[in-house]
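These notes concern the structure reproduced below.
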Amino acid sequence: MKILILSDLAPPYIGGGETYVTKLSTGLVNEGHEVHWLTSRIPDTSADEILDGVIIHRAPILFQSKYLFPGRHSFGLTSLIKGIKLARQCDVVQINTLVPGLSGWMIAKYANRPSLLFCHEFFNTMWHKIGQNFFEKYLYPITENLTCKAPYDWFACPSEYSKKTITNYGVPENKVTVIPHGIDTDFFDTANRNLKSFGLEDAPTFGYFGRLMVKTAAHSKNLITLLKAAKLVVESIPNARLLLAGIGYNELEPYVKEMELEKNVVYAGKLPTEDTPSFLKACDVVVCPAISDGFCFLLGEAGASGVATVATNMGAHTERIAHNKTGILTSAEPKNFAENIVKLLNDKSLREEYGRNARDFMTKFTWKKSIDKHVELYNNLIEQKQHK
């Protein structure tokens, strides 16, 4: 089978969506399928390359020097011609929202190929709260609505929460398939706890790994609340450390200084993928303050590492944490968030119990299961198209 996947972001930029497409596409290749990944061309990348067997094609974008905004938003336009040519060589087209949502459907339509929209989550009116400019606050909800109104052959998503964000726009429930992502439990069980590698003494440590920006739509990660909670944690446990890793710390650092948390916040850098297990194992507790998450790899990977978690009871967190068994779900209010972090930091026996349970819980999320469900869906769509 030949599959075309459209996604405006791709390695070397890595977030949850890019992790998903990378794991999916390489898994498909390993099973004998041919995968073409059409994405936008960022600085210092070639127009075409092969990465672990996946054929990557890059379409030029406008405003390349401002890649995340507004550059990536031109991908929907610049990918059309190349996308149609590639789609005609493939059997099925998968589009990953939001940027190529409408153009991806057009590509599949004009190439006469079955179309699948994979959506991690739609924010809907939440954009009014987390959007950082007029475009994000008011045009993104319209774009989401139009994308859901496009006559895709099928929709897919990684959680029941993300399914709800799709059906809220009017997509029939029986036209949406939930396919959870996989978690590589063996990979995340490889590291040992080593605080020295992150410049930490043996102090109570809670950590967060992900985008650290606060001036873009990453505002949904709710990191200011995390810092407010950290301030309260330090009041209870003065030597506690908040260990952070990911891109965009330059945006968060002024708030760290404003709250006088410089001595208690340790930034470990961007961190390559291979260092993620070591980072997670360095934490006594992994936290996720996000107000929306379509899947949340962080909680899954922390669980696979045998580390207890504290997260807001929002988004797909309720599907990634078994409350009071693998971790704690709490409100997004800083005081409640902090109290639950302190509870686990002060109770080694409880957090170790949660960690063991979390490791067992995450074994049901495998990439083999996820990829098999994708292939089954692709085959169904191809068969339906042939009988039209």
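Heads up: the sequence shown begins at 6 in our numbering, then just goes up one per residue. From the three backbone atoms N, C-alpha and C, an ideal C-beta is built for every residue, glycine too. In this text, all values refer to a predicted model and were calculated from it rather than measured experimentally.
Sorted by chain position, which residues of the same chain lie with C-beta nearer than 7 Å to P146's C-beta, five sequence neighbours on each side aside?
Here residue 146 is taken as the residue at index 141 of the sequence shown, counted from 1. Here the set comprises N129, T130 and W132.
Exposed or buried, what is S336 when buried is set at 16 or more other beta-carbons lying within 10 Å of its beta-carbon?
Translated into the one-based positions of the sequence shown, residue 336 becomes position 331. Exposed, by the Cβ-count rule.
Span of the alpha helix (DSSP H) holding V183?
Translated into positions along the sequence shown, residue 183 becomes position 178. Careful: V183 lies outside any alpha helix (DSSP H), inside the beta strand (DSSP E) at V181 to V183.
Looking at L11: is its Cβ nearer than 7 Å to the Cβ of I89?
Along the sequence shown, read from residue 1 onward, the residue named residue 11 stands at position 6. Along the sequence shown, read from residue 1 onward, the residue named residue 89 stands at position 84. No.
I need the straight-line Cα distance from C301 to N329, nearest angstrom please.
Within the sequence shown, residue 301 is the residue found at index 296, counting from 1. Within the sequence shown, residue 329 is the residue found at index 324, counting from 1. For C301 and N329, the distance between alpha carbons rounds to 18 Å.
Consult DSSP for S336 and reduce its assignment to one of helix, strand or coil.
In the sequence shown, residue 336 corresponds to position 331, counting from 1. Residue state, collapsed to three classes: coil.
Taking just the CA atoms, how far does L349 sit from L67?
Against the sequence shown, residue 67 aligns to sequence position 62. Against the sequence shown, residue 349 aligns to sequence position 344. Distance between the alpha carbons of L67 and L349 is about 48 Å.
Should the region 289-299 be regarded as contacting the region 344-359, the criterion being three or more beta carbon pairs within less than 8 Å?
yes
For H392, count the other beta carbons within 10 Å of its own beta carbon; 16 or more makes it buried, fewer makes it exposed. Which is it?
As a first step, residue 392 is located in the sequence shown; it is residue number 387 there, counting from the start. When all chains shown are included, H392 counts as exposed.
So is Y359 buried or exposed if we call it buried at 16+ other beta carbons inside 10 Å?
As a first step, residue 359 is located in the sequence shown; it is residue number 354 there, counting from the start. That one is buried.
Taking all protein chains shown into account, decide if A313 is buried (16 or more other Cβ within 10 angstroms of its Cβ) or exposed.
The residue given as residue 313 occupies position 308 in the sequence shown. Per the 10 Å Cβ criterion, buried.
Secondary structure at M213, three-state DSSP: helix, strand or coil?
Here residue 213 refers to the residue found at position 208 when the sequence shown is read from its first residue. It should be noted that the sequence gives Tyr, not Met, for residue 213. Three-state result, Y213: strand.
What residue range is occupied by the uninterrupted beta strand (DSSP E) comprising T44?
One-based indexing of the sequence shown puts residue 44 at position 39. Residues E39 to S45.
Decide if N244 is buried, meaning its Cβ has at least 16 other Cβ atoms within 10 Å, or exposed.
On the sequence shown, residue 244 is found 239 positions in, with the first residue counted as 1. N244 should be labelled exposed.
With distances taken from CA atoms, which of N269, N138, L257 and D53 is nearest K226?
Taking the sequence shown and counting its residues from 1, the one referred to as residue 226 is at position 221. By alpha-carbon distance to K226, the top candidate from N269, N138, L257 and D53 is L257.
By a C-beta neighbour count over all protein chains shown, 10 Å radius and 16 as the cutoff for buried, is R93 buried or exposed?
On the sequence shown, residue 93 is found 88 positions in, with the first residue counted as 1. Flag for R93 reads exposed.
Taking the runs of the beta strand (DSSP E) that are 3 residues or longer, which of them lie wholly in the region 286-348?
Those beta strand (DSSP E) runs which fall completely within the region 286-348 and span 3+ residues are 290-293, 313-317 and 332-335.
Using 8 Å for Cβ pairs, my map puts S108 next to D158. What's the rounded Cβ distance?
Within the sequence shown, the letter at position 103 stands for residue 108. Within the sequence shown, the letter at position 153 stands for residue 158. S108 to D158, Cβ: 16 Å. No contact.
Here's the rule: buried if 16 or more other CB atoms are within 10 angstroms of the residue's CB, otherwise exposed. What is P163?
Your numbering for residue 163 matches position 158 in the sequence shown. Flag for P163 reads buried.
Can you check the region 120-146 for any beta strand (DSSP E) of at least 3 residues that lies completely inside it and give the ranges in chain order?
120-123
From the DSSP output, which residues share a beta bridge with F160?
Here residue 160 is taken as the residue at index 155 of the sequence shown, counted from 1. In DSSP, F160 forms a bridge with L122 and V181.
Check V176 in the structure and name its three-state DSSP category.
Taking the sequence shown and counting its residues from 1, the one referred to as residue 176 is at position 171. It is coil, neither helix nor strand.
Does DSSP put R54 in a helix, in a strand, or in coil?
In the sequence shown, counting from the first residue as 1, residue 54 sits at position 49. As written in the sequence, residue 54 is Glu, which differs from the Arg given in the question. Strand, per DSSP.
Are the CB atoms of L304 and A316 nearer to each other than 7 Å?
Taking the sequence shown and counting its residues from 1, the one referred to as residue 304 is at position 299. Taking the sequence shown and counting its residues from 1, the one referred to as residue 316 is at position 311. Yes, these two residues count as a Cβ contact at 7 Å.
Answer yes or no: do R216 and G253 have a C-beta to C-beta separation smaller than 7 Å?
Numbered from its first residue, the sequence shown carries residue 216 at position 211. Numbered from its first residue, the sequence shown carries residue 253 at position 248. Yes, they are a contact pair.
Please name the residue or residues paired with H62 in a DSSP beta bridge.
Taking the sequence shown and counting its residues from 1, the one referred to as residue 62 is at position 57. Per DSSP, L43 and D53.
For V347, which residues in the same chain have their Cβ closer than 7 Å to its Cβ, ignoring the five residues on either side in sequence?
One-based indexing of the sequence shown puts residue 347 at position 342. Excluding positions up to five away in sequence, the list reads V238, S241 and I242.
Measuring alpha carbon to alpha carbon, tell me which residue in T278, G22, D13 and T230 is nearest R63.
Counting from one through the sequence shown, the residue named residue 63 turns up at place 58. If we check each option's Cα against that of R63, D13 comes out closest.
Is there a Cβ from chain C that is less than 7 Å from the Cβ of A309?
The structure shown contains no chain C; it is built from a single protein chain.
Between the alpha carbons of E357 and L91, how many angstroms are there, rounded?
The residue labelled residue 357 in the question sits at position 352 within the sequence shown. The residue labelled residue 91 in the question sits at position 86 within the sequence shown. Near 50 Å, if we compare the C-alpha coordinates of L91 and E357.
Work out the CA separation of A208 and N1 for me, nearest whole Å.
Any property of residue 1 remains undetermined from this structure, which presents the chain solely from 6 to 393.
Relative to the C-alpha of G308, which residue among E267, Y166, N362 and K220 is closest?
Reading the sequence shown from its first residue, position 303 is the one you call residue 308. For G308, the nearest C-alpha among the options comes from N362.
Provide the residue span of the alpha helix (DSSP H) that contains K28, from first to last.
Mapped onto the sequence shown, residue 28 falls at position 23. Run containing K28: G21 to N35, per the alpha helix (DSSP H) assignment.
Are the Cβ atoms of I171 and F370 separated by less than 7 Å?
Here residue 171 refers to the residue found at position 166 when the sequence shown is read from its first residue. Here residue 370 refers to the residue found at position 365 when the sequence shown is read from its first residue. For I171 and F370, no; Cβs fall outside 7 Å.
So, are the CB atoms of G299 and A321 less than 7 Å apart?
Against the sequence shown, residue 299 aligns to sequence position 294. Against the sequence shown, residue 321 aligns to sequence position 316. Against a cut-off of 7 Å, the Cβ pair of A321 and G299 comes out as a contact.
Which class does K7 belong to by DSSP, given the choice of helix, strand or coil?
Walking along the sequence shown from the start, residue 7 turns up at place 2. Note: K7 maps to strand in three-state DSSP.
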